[in-house]
Structure formats: C-alpha cells, structure tokens
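Engineer: Take this structure, written in structure tokens, and hold onto it; I'll ask about it next.
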Amino acid sequence: NAGVTQTPKFQVLKTGQSMTLQCAQDMNHNSMYWYRQDPGMGLRLIYYSASEGTTDKGEVPNGYNVSRLNKREFSLRLESAAPSQTSVYFCASSDGSSGNTIYFGEGSWLTVV
Amino acid sequence: AQSVAQPEDQVNVAEGNPLTVKCTYSVSGNPYLFWYVQYPNRGLQFLLKYITGDNLVKGSYGFEAEFNKSQTSFHLKKPSALVSDSALYFCAVREWEDYKLSFGAGTTVTVRA
Numbered sequence: 001n002a003g004v005t006q007t008p009k010f011q012v013l014k015t016g017q018s019m020t021l022q023c024a025q026d027m028n029h030n031s032m033y034w035y036r037q038d039p040g041m042g043l044r045l046i047y048y049s050a051s052e053g054t055t056d057k058g059e060v061p062n063g064y065n066v067s068r069l070n071k072r073e074f075s076l077r078l079e080s081a082a083p084s085q086t087s088v089y090f091c092a093s094s095d096g097s098s099g100n101t102i103y104f105g106e107g108s109w110l111t112v113v
Numbered sequence: 114a115q116s117v118a119q120p121e122d123q124v125n126v127a128e129g130n131p132l133t134v135k136c137t138y139s140v141s142g143n144p145y146l147f148w149y150v151q152y153p154n155r156g157l158q159f160l161l162k163y164i165t166g167d168n169l170v171k172g173s174y175g176f177e178a179e180f181n182k183s184q185t186s187f188h189l190k191k192p193s194a195l196v197s198d199s200a201l202y203f204c205a206v207r208e209w210e211d212y213k214l215s216f217g218a219g220t221t222v223t224v225r226a
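Below is the structure:
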C-alpha cells in the first residue's frame, strides 16, 4: 500500500529559484492537502483541495501555488523560493467527510539558501 | 475558528510508567479530535480519533484518549510507556463539515529505560 507519495524527499534551492513538489494518493480520496511543519509551530495548512477541480487557501498560502491535476495528484509550486520557505512539507489526503482520518505522506525537506 | 493547545513542549517518563500527553481545543461547533505520532524524519501516523459516542477512545499501540466536553480536553494516555514510544505527538481538531484539520504545536515524549 503506497498511500500518499511525495517527491522529492530532499531539495536544496537557491533564493529565487522555483520548484514543484509532487504528491499522489492511491486511496481514491476526494480531498488533498499541503501542510508545512516548522519547529514549535505544529503543522500549518498551506492549501487544500476539497475535491477534484477545486482548491482553497489555508492559513499560510503566500508564496505558493497549487494544482489539482486529477483526483490522484495535487502539486505545490514555489515560484520564487525564499529562505522563509525552508521547512518540511507534507501532503495529505482524506475521504472528505469531517470525521474521516487525514493520511499523510512521508514529507519533503526543503532548504532555501 | 478552531484551535488546539498542547501545554507541554516535552514530557519525560520512565519506561513502564503511565504516559499522559495533554490537549485542549476550541471550536464553535462539534469537534472531531485526532492524535498523530511522528517519528524522526518520518510523516505523521494516525493513532486515534474521537467522532462521537464513548468518551474513551482506544487506538493503535496501546494508546487511548479521553474526550471531556466540559473541560474541552482530549488527553492522550498509555498505561505503561515503552522506550519506543519516544516521538513527537500532535493533537488536531476539525469542525463538523470543515475540511481543514488544525494542529497543536506538538509534544515531544521521551521515555527513558
């Protein structure tokens, strides 16, 4: 069972460079999410997609864009990376209903220098 | 707006002793409450959740949590801690019909042999 798969696992970027984090889930979930994790701050929601064809901003969307390519895939793009975007990024998915569990990928460690 | 507080950054216990990780929440409606565990350099693993019904919820690896509506708390417990329980624990809350999951800052648990 692959679950939620993220790539790449590790990435170092220079300030101003762009990159896309890829995420795919094989659980036929409707909803997908991108979170970032920073020490002492827990996980903060960047963007989410309640269903295929829709995306919405979360708590910290500035500097990011997303694409819900199809039901399986949800990518996160940094157009012009900044050191403040150094973080661990997690993709997640769920069946959409409020009581359903959200399942997470293994994370992508991004460093912007 | 929904929010979660984990009042302890760190919890240290001896192996074999009871383990408690505290969590309080704030929501405007009915809460759905979750606990996740994160091992170093890994993603978040689901432990247990409260949706409705019995206030005592049992989950993976011998963990349980008690929902207390009057105290707006959802503390995680394990009767006898193991060294392998050493990890970062997150409490999270979701409101009814809301797609977003809001996390606490996390509590680092260290179990000494």
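First to last, the protein sequences are chains A and B. With the working numbering, the residue at position 4 of the first sequence is 4, and numbering never jumps. With the working numbering, the residue at position 72 of the second sequence is 185, and numbering never jumps. Using N, Cα and C, we set each Cβ at its ideal position, and we do this for glycine too. None of the values given here were measured: they were computed from a predicted structure.
Out of B:Gln123, B:Tyr138 and B:Asn130, which has the shortest C-alpha to C-alpha gap to Phe187 (chain B)?
Structural biologist: Along the second sequence, one-based indexing puts residue 187 (chain B) at 74. Phe187 (chain B) has its Cα closest to that of B:Tyr138, out of B:Gln123, B:Tyr138 and B:Asn130.
Engineer: When you compare only the Cα positions, how much space is there between Glu121 (chain B) and Tyr202 (chain B)?
Structural biologist: Reading the second sequence from its first residue, position 8 is the one you call residue 121 (chain B). Reading the second sequence from its first residue, position 89 is the one you call residue 202 (chain B). Their backbone Cα atoms lie some 11 Å apart in a straight line.
Engineer: Relative to chain B, which residues along the region 60 to 89 of chain A have a C-beta separation below 7 Å, given in chain order?
Structural biologist: So nothing in the stretch comes that close.
Engineer: When you compare only the Cα positions, how much space is there between Leu69 (chain A) and Asp38 (chain A)?
Structural biologist: Within the first sequence, numbered from 1, the residue matching residue 69 (chain A) stands at position 69. Within the first sequence, numbered from 1, the residue matching residue 38 (chain A) stands at position 38. Taking the straight line joining both Cα atoms gives about 27 Å.
Engineer: Can you check which of these residues, A:Asn65, A:Ala82 and A:Ala50, is closest to Arg72 (chain A) by C-alpha distance?
Structural biologist: Locating residue 72 (chain A) in the first sequence gives position 72, counting from the first residue. The shortest C-alpha separation from Arg72 (chain A) is found at A:Ala50.
Engineer: Taking Glu52 (chain A) as the reference, give the member of A:Gln85, A:His29 and A:Phe104 with the closest Cα.
Structural biologist: Position 52 of the first sequence, counted from the first residue, corresponds to residue 52 (chain A). The candidate whose alpha carbon is nearest that of Glu52 (chain A) is A:His29.
Engineer: List, in chain order, every chain A residue whose beta-carbon is nearer than 9 Å to that of Arg155 (chain B).
Structural biologist: Locating residue 155 (chain B) in the second sequence gives position 42, counting from the first residue. Those within 9 Å of Arg155 (chain B) in chain A are Glu106 and Gly107.
Engineer: Buried or exposed for Lys14 (chain A), going by 16 or more other Cβ atoms inside 10 Å?
Structural biologist: The residue you call residue 14 (chain A) lines up with position 14 of the first sequence. It counts as exposed.
Engineer: Measuring alpha carbon to alpha carbon, tell me which of B:Ile164, B:Ser116, B:Gln123 and B:Lys213 ends up nearest Tyr48 (chain A).
Structural biologist: If you number the first sequence from 1, residue 48 (chain A) lands on position 48. Answer by Cα proximity: B:Lys213.
Engineer: How would you list, in chain order, the residues of chain B whose beta-carbon sits under 9 Å from the beta-carbon of Gly40 (chain A)?
Structural biologist: Counting from one through the first sequence, the residue named residue 40 (chain A) turns up at place 40. Per Cβ cutoff of 9 Å: Asp122, Ala218 and Gly219.
Engineer: What's the call for Lys171 (chain B), buried or exposed, on a 16-neighbour Cβ count within 10 Å?
Structural biologist: Numbered from 1 along the second sequence, position 58 holds the residue referred to as residue 171 (chain B). Its Cβ having fewer than 16 others within 10 Å, Lys171 (chain B) is exposed.
Engineer: Pull up the distance between the alpha-carbon of Pro153 (chain B) and that of Ala200 (chain B), whole angstroms please.
Structural biologist: The count along the second sequence starts at 1 and reaches residue 153 (chain B) at position 40. The count along the second sequence starts at 1 and reaches residue 200 (chain B) at position 87. Cα-Cα distance, rounded: 7 Å.
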